[in-house]
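Following: one structure in structure tokens, then a few remarks.
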Amino acid sequence: MGIIIDPLLLFVIIIFFSSSLSHKSLLCEANGGPAVDIVVRNGLNTDLTVHCKSKDDDIGIRLLHNNDSFLFSFLPNFWGTTLFFCSFQWDKEFHRFDIFKSSMEVIFDINLWIVHPNGPCLHDGYAPQKKSYCYPWKP
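Given below as structure tokens:
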């Protein structure tokens, strides 16, 4: 005779593990999960205010001076629907950009985003001098 699991218990277990996988925690690090590292660097010649978040996690507001950067890490969720977006404000400019989507065609171990006046550029954090992927700001 097989083991019978109460459907409610199974649902609770699935929710627990999926929420544990949605961001980088000590439990996930101990399990060796595939963390995504995002680095945002100010490539402007002025101060840049950055606010990054997902549906579940708010990374907070950061003030970056020229060439300053900050790092945040997380684990994509099991369903492949993880989305992190950031707002960027400097001088009289304000823009938003999806900094990570599970469906992105290019994902590096360290995703270095350099913010420029015309839009952000994605670089491999281990080899930033190699090919970059630049995107315009959305209107």
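Under mature numbering (1 follows the signal peptide of the UniProt record, and there is no 0), read the sequence shown as residues -22 to -1, 1 to 117, first letter to last.
In this text, a Cβ means the ideal position worked out from N, Cα and C, and glycines have one as well.
Because the structure is a prediction, the values reported are computed rather than measured.
- prompt: Which of the three DSSP states, helix, strand or coil, is assigned to D36?
  reply: strand
- prompt: Taking DSSP as the reference, what is the three-state secondary structure of D69?
  reply: coil
query: Between Y111 and the rest of its own chain, which residues show a CB-CB distance below 6 Å, the 5 nearest in sequence each way excluded?
result: V84, L100
Close beta carbons around I39, own chain, < 8 Å, minus the five adjacent residues each side: T27, V28, H29
field: Neighbourhood of D76 by C-beta, 6 Å cutoff - its chain only, sequence neighbours within 5 removed
entry: F63
task: Quick one: residues in its chain with C-beta nearer than 8 Å to the C-beta of F72, no 5 flanking neighbours on either side, listed in chain order?
output: S65, F66
task: For Y113, collect the residues of the same chain with a Cβ closer than 8 Å to its Cβ; drop the 5 residues on either side in sequence, then sort them by chain order.
output: F75, G97, P98, C99, L100
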